[in-house]
Amino acid sequence: MTEEKNININIPEDELMKQKNYMDRIRAMNDEHFARTGKRKKHLTVTFGCQMNAHDSEKLEGMLEQIGYMKAEEEEKADFIIYNTCCVRENAEQKVYGKLGYLKHLKDKNEDLIIAMCGCMMQQEEVLNTIRTKYKHVDIIFGTFNLYKMPELLQTYLETKRTVIDIWKEHKEIVEDLPSIRKHKFKASVNIMYGCNNFCTYCIVPYVRGRERSRKPEDILKEIEDLVADGVKEIMLLGQNVNSYGKTLEDKVTFAQLLRKVNEIEGLKRIRFMTSHPKDLSDELIEAMRDCDKVCKSLHLPFQAGSTKILKAMNRKYTKEQYLDLAKKIQREIPNIALTTDIIVGFPGETEEDFEDTLDIVRQVQFSGAYTFIYSKRTGTPAAVMEEQVPEEVSSRRFNKLQEVLRPIITEKSQALHGKTLEILVEDVSKNDEKLLTGRTESGHLVHFEGDSSLIGEFINVEITEAKTYYLIGQRV
Ligand code: SAH
Ligand code: SF4
Ligand code: F3S
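Note that our numbering has the sequence shown beginning at -11, numbered continuously upward.
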């Protein structure tokens, strides 16, 4: 798959100029290296965590390309490795530490290898201390608020050959339009806001991503228009809680109003967004989703837990009944909408009866898909010090039970599409079978079908001939 460039240069001028300068300086060195050795230096950016992080990595890759690095296929072939980390659950962190140990071995073999770490994990002091003391082979460390400074930090490292650490406690300014590389020519992610103010009691995100702040609608619209001019047909609007978009702006604007404006952009075909918090999902948004032809009729609406008691302890600010009413209203107002969700089991204090409420929501709403998690204790969050932490074996049992209840529902939703003709955006060659292509329906279902790779990036119609739980098989019509 070729990668597409999107270079807009209109960062607040002084910062942009500064970083551009660093990029030019390192590029000159890299060009000189190429002239001398005939080899281009290579980078690899490894991303953990959510779409927010994935999108940040696209910006890092955009800058790295301007610096003159080519992309390496694997760590062994890279001269500069960046780990963009996640800390939302303990296993996300364990994965990073595991891989970091392996990087030590690479660094021992090649002392010119540069290793950088950034992202959410780095915003926690204990993590920083652990890396400083136990993983001394890490050369550059930065956080979520100063990603755009990567060229400057790299330059400092190249000059001093000493560990460079730059972590900010909070954001300063929104740096607009960093160079960015996206994986697909035809689809792109666009940040509409950063941070989160909700402080769900289990969640570390507000601590590592800072306070909620929205980008101005004109900046967002301009970015999307530029992307569309560059071949993008589908966009994903990103925010931890898109429904509270606009609240921090001087000129107040709602997410529904933004959606309507994005919907008017000519040439754009599909609009998706995530994540929606149930407490802020307004009737105005439901109407906008229904009215806007480009907005996909699919909605990710995490409920986390079914019991009102647990929802209160989680600080989610809605009850079981409110969630059910909302989900049913959406299903009534937007027929055929595909609802997906996130669910946590084993939150402190969760009893069997509370867990039954979770299963009850699953059964009543009939989700098309769900991300399910076992509660993971995050130091510094209120839930970490709550009494009645649920033992691992109880959480595991509930987790398995949840899968048992979810699976037939998701299968049934998928099978309801059997025999239907659906429009898909063709995305890629199938990972498991080179003869197959994969695409996505408006509802977000994955479809495999036989076809030529020239179809990638096109909208085509397929008839669904087979429906599995997590994917569909189709035939072009
Ligand atoms: N802002 C989004 C989600 C961010 S994190 C939202 O509010 O929906 C993605 C998911 O990870 C959450 O929805 C939640 O289900 C899960 N999650 C977050 N913190 C967790 C924790 N400490 N343990 C287990 N799952 C967690
Ligand atoms: Fe975390 Fe809650 Fe914010 Fe989502 S809304 S990022 S779960 S605090
Ligand atoms: Fe995302 Fe993980 Fe950070 S879920 S916001 S990368 S903690």
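Cβ atoms here follow ideal geometry from the backbone N, Cα and C, with glycine treated the same way.
Residue i: CB within 6 Å of a non-hydrogen atom of the ligand ZN
i: residue 228; result: In the structure shown, the ligand ZN is absent; the only ligands present are the ligand SAH, the ligand SF4 and the ligand F3S.
First through last residue of the beta strand (DSSP E) which encompasses residue i
i: residue 33; result: 30 to 35
i: residue 455; result: 447 to 455
i: residue 359; result: 357 to 362
i: residue 153; result: 152 to 154
Neighbourhood of residue i by C-beta distance below 8 Å, restricted to the same chain and skipping five residues each side
i: residue 382; result: 334
i: residue 195; result: 111, 112, 368, 369
i: residue 127; result: 102, 103, 104, 145, 151, 152
i: residue 79; result: 364
i: residue 189; result: 301, 302, 303, 369, 370, 371, 374
i: residue 417; result: 424, 425, 426, 441, 444
i: residue 63; result: 32, 34, 69, 90, 91, 94
i: residue 124; result: 151
Straight-line gap, residue i to residue j (C-alpha atoms, nearest Å)
i: residue 453; j: residue 358; result: 24 Å
i: residue 397; j: residue 386; result: 17 Å
i: residue 260; j: residue 269; result: 15 Å
i: residue 402; j: residue 457; result: 6 Å
i: residue 109; j: residue 465; result: 47 Å
i: residue 161; j: residue 236; result: 14 Å
i: residue 130; j: residue 71; result: 10 Å
i: residue 20; j: residue 120; result: 32 Å
i: residue 286; j: residue 328; result: 8 Å
i: residue 298; j: residue 388; result: 20 Å
i: residue 244; j: residue 250; result: 10 Å
i: residue 26; j: residue 255; result: 42 Å
i: residue 439; j: residue 241; result: 43 Å
i: residue 122; j: residue 200; result: 33 Å
i: residue -2; j: residue 132; result: Low per-residue confidence applies at residue -2: pLDDT is 37, beneath 50, and the placement is therefore not dependable, though the value from the model is reported in the following sentence. Cα-Cα distance, rounded: 20 Å.
i: residue 409; j: residue 431; result: 13 Å
i: residue 294; j: residue 344; result: 8 Å
i: residue 257; j: residue 278; result: 15 Å
Same chain, Cβ closer than 7 Å to residue i, five either side skipped, listed in chain order
i: residue 51; result: 11, 138, 139, 166, 167
i: residue 405; result: 433, 452, 455, 460
i: residue 220; result: 174, 175, 176
i: residue 142; result: 14, 128
i: residue 272; result: 242, 244
Beta-bridge pairing of residue i - partner residues as DSSP gives them
i: residue 179; result: 226
i: residue 106; result: 72
i: residue 427; result: 414, 435
i: residue 286; result: 326
i: residue 261; result: 225
i: residue 307; result: The partner list for residue 307 (beta bridge, DSSP) is empty, contrary to what the question assumes.
Residue range of the alpha helix (DSSP H) that includes residue i
i: residue 463; result: Residue 463 -> not in any alpha helix (DSSP H); beta strand (DSSP E) instead, spanning 460 to 464.
i: residue 206; result: 205 to 217
i: residue 55; result: Where residue 55 is concerned, there is no enclosing alpha helix (DSSP H), given that its DSSP letter is neither H nor E.
i: residue 381; result: 380 to 403
i: residue 251; result: 243 to 251
i: residue 346; result: 340 to 353
i: residue 274; result: 271 to 279
i: residue 298; result: 296 to 301
Beta-carbon contacts of residue i that lie in its chain and below 6 Å, excluding the five residues immediately before and after
i: residue 296; result: 307, 308
i: residue 35; result: 41, 42, 45, 72
i: residue 311; result: 266, 291
i: residue 75; result: 81, 108, 109, 192
i: residue 361; result: 332
i: residue 378; result: 334, 338
Cutoff 7 Å: residue i Cβ touching any chain B Cβ
i: residue 404; result: Annotation note: the requested chain B is absent from the structure, which comprises a single protein chain.
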